[in-house]
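For the protein sequence lines, the chains are A and B, in the order given. The opening position of the first sequence corresponds to residue 1 in the working numbering, with each subsequent residue numbered one higher. The opening position of the second sequence corresponds to residue 1 in the working numbering, with each subsequent residue numbered one higher.
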Amino acid sequence: NAGVTQTPKFQVLKTGQSMTLQCAQDMNHEYMSWYRQDPGMGLRLIHYSVGAGITDQGEVPNGYNVSRSTTEDFPLRLLSAAPSQTSVYFCASSYSPPRLAGIEGTQYFGPGTRLLVL
Amino acid sequence: KQEVTQIPAALSVPEGENLVLNCSFTDSAIYNLQWFRQDPGKGLTSLLLIQSSQREQTSGRLNASLDKSSGRSTLYIAASQPGDSATYLCAVIFGYGQNFVFGPGTRLSVLP
Chain A
1 NAGVTQTPKF QVLKTGQSMT LQCAQDMNHE YMSWYRQDPG MGLRLIHYSV
51 GAGITDQGEV PNGYNVSRST TEDFPLRLLS AAPSQTSVYF CASSYSPPRL
101 AGIEGTQYFG PGTRLLVL
Chain B
1 KQEVTQIPAA LSVPEGENLV LNCSFTDSAI YNLQWFRQDP GKGLTSLLLI
51 QSSQREQTSG RLNASLDKSS GRSTLYIAAS QPGDSATYLC AVIFGYGQNF
101 VFGPGTRLSV LP
């Protein structure tokens with residue numbers, strides 16, 4: 001049981017380049033989400049998904065796209081990277097949305113991807 | 001805007017001390033509140049979850065309290081150890097929201 005895995009661990013991009021941050025979980029979780037973490041700020045929700053084929057926007061979705069074709073994978077795409085997207089990105093998963101308290105709503109976080117956009 | 005703040009941003013204490021970390025939120029109509037721990041270069045780990053109807057939760061040396069009327073939660077760590085060194089984040093689900101609003105965290109250093 002690998003939990004939540006993210007690749008790559010670190011990436012440097014030039015402004016305007018595109019890339020995909022990968023996230024996978026092997027716990028059969030329906031709910032998956034992407035956050036970004038910036039210095040002095042809490043984690044901010046980018047996009048989330050309540051199951052395969054269903055995605056929705058979080059607090060800071062601009063500049064990011066997601067899709068959920070399988071239960072296991074939830075990739076995050078940057079179509080045209082900007083310096084403002086320099087951040088640490090975390091993927092999380094759980095059986096149910098965080099609102100559902102207790103074990104079902106407990107989120108499991110990946111180790112993060114550190115992204116630098118020059 | 002619904003916000004979560006944590007003060008101080010960083011805290012350094014000698015081993016063995018009891019300490020309190022603070023979390024404040026702008027709207028008392030919360031659904032639940034959760035404390036997380038983040039180790040350097042790693043993801044978050046859930047510590048304690050408090051429902052809006054509860055006043056406190058305990059797990060080992062950790063005790064989290066909730067006072068909705070004042071918009072505050074505290075995380076009490078008893079007999080701190082160097083292994084407790086990490087960043088502690090508070091996260092709140094407000095009202096009918098589905099997702100967490102995170103505070104910026106308090107970086108704790110426990111010195112041997």
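Ideal Cβ placement from N, Cα and C applies to all residues, glycine included.
Open item on the list: Looking at the secondary structure, which residues open and close the beta strand (DSSP E) in which S73 of chain B lies?
Closed with: For this step, residue 73 of chain B is matched to residue 73 along the second sequence. From DSSP, the beta strand (DSSP E) with S73 of chain B extends over R72 to I77.
- [ ] Write down every uninterrupted run of the beta strand (DSSP E) in the region 20-50 of chain B whose length is 3 residues or greater and which is fully enclosed by it, in chain order.
- [x] 30-38
TODO: Return the residue from the list A:P98, A:S84, A:L78 and A:E72 that minimises the CA-CA distance to T5 of chain A.
DONE: Indexing the first sequence from 1 puts residue 5 of chain A at position 5. If we check each option's Cα against that of T5 of chain A, A:E72 comes out closest.
TODO: Measure the beta-carbon distance from R107 of chain B to T87 of chain B and round it to whole angstroms, keeping in mind my assumption that it falls under 8 Å.
DONE: Taking the second sequence and counting its residues from 1, the one referred to as residue 107 of chain B is at position 107. Taking the second sequence and counting its residues from 1, the one referred to as residue 87 of chain B is at position 87. That pair is a contact at about 5 Å.
Open item on the list: Taking its Cβ as the centre, do 16 or more other Cβ atoms sit within 10 Å of Q81 of chain B, making it buried, or is it exposed?
Closed with: Here residue 81 of chain B is taken as the residue at index 81 of the second sequence, counted from 1. Classification for Q81 of chain B: exposed.
Open item on the list: What residue range does the beta strand (DSSP E) around M19 of chain A cover?
Closed with: Within the first sequence, residue 19 of chain A is the residue found at index 19, counting from 1. Start and end: M19 to Q25.
Task: Burial state of Q57 of chain A, where buried means 16 or more other Cβ atoms lie within 10 Å - done: As a first step, residue 57 of chain A is located in the first sequence; it is residue number 57 there, counting from the start. Q57 of chain A comes out exposed.
TODO: Check distances from the C-beta atoms of the region 85-98 of chain B to those of chain A and list, in chain order, the residues that come in under 8 Å.
DONE: L89, A91, I93, G97 and Q98
Task: For F90 of chain A and M19 of chain A, the rounded distance between their alpha carbons - done: Within the first sequence, residue 19 of chain A is the residue found at index 19, counting from 1. Within the first sequence, residue 90 of chain A is the residue found at index 90, counting from 1. For M19 of chain A and F90 of chain A, the distance between alpha carbons rounds to 16 Å.
Open item on the list: I'd like to confirm the pairing. Which residues does DSSP put opposite V110 of chain B in its beta bridges?
Closed with: Within the second sequence, residue 110 of chain B is the residue found at index 110, counting from 1. V110 of chain B is bridged to B:V13.
Task: Cβ distance (whole Å) where H47 of chain A is taken to contact Y64 of chain A below 8 Å - done: Here the question's residue 47 of chain A lines up with position 47 in the first sequence. Here the question's residue 64 of chain A lines up with position 64 in the first sequence. Sure, about 6 Å apart at Cβ, within 8 Å.
Open item on the list: I need the straight-line Cα distance from S80 of chain A to K14 of chain A, nearest angstrom please.
Closed with: For the purposes of this step, residue 80 of chain A is identified with residue 80 of the first sequence, where counting begins at 1. For the purposes of this step, residue 14 of chain A is identified with residue 14 of the first sequence, where counting begins at 1. Computed Cα separation, rounded: 9 Å.
TODO: Give the residues from the region 47-78 of chain A that approach chain B closer than 7 Å (Cβ to any Cβ), ordered along the chain.
DONE: Y48 and G58
Open item on the list: Taking the alpha carbon of A24 of chain A as the reference point, which residue from A:L116, A:P61, A:T106 and A:S69 has its own alpha carbon closest?
Closed with: For this step, residue 24 of chain A is matched to residue 24 along the first sequence. When only C-alpha atoms are compared, the closest one is A:S69.
Task: Nearest-angstrom beta carbon gap, I77 of chain B and D84 of chain B [assumed within contact, 8 Å] - done: Here the question's residue 84 of chain B lines up with position 84 in the second sequence. Here the question's residue 77 of chain B lines up with position 77 in the second sequence. The Cβ separation is near 6 Å, so the contact holds.
TODO: Say whether chain B places a C-beta atom closer than 8 Å to the C-beta of L21 of chain A.
DONE: Within the first sequence, numbered from 1, the residue matching residue 21 of chain A stands at position 21. Closer than 8 Å: no.
- [ ] Return the chain-ordered list of same chain residues with a C-beta closer than 6 Å to the C-beta of L21 of chain A, the five sequence neighbours on each side being excluded.
- [x] Within the first sequence, the letter at position 21 stands for residue 21 of chain A. So the list reads L76, Y89 and T113, once near-sequence residues are dropped.
Open item on the list: Here's the rule I'm using: 16 or more other beta-carbon atoms within 10 Å means buried, otherwise exposed. How should I30 of chain B be labelled?
Closed with: The sequence position of residue 30 of chain B within the second sequence is 30, counting from 1. It counts as buried.
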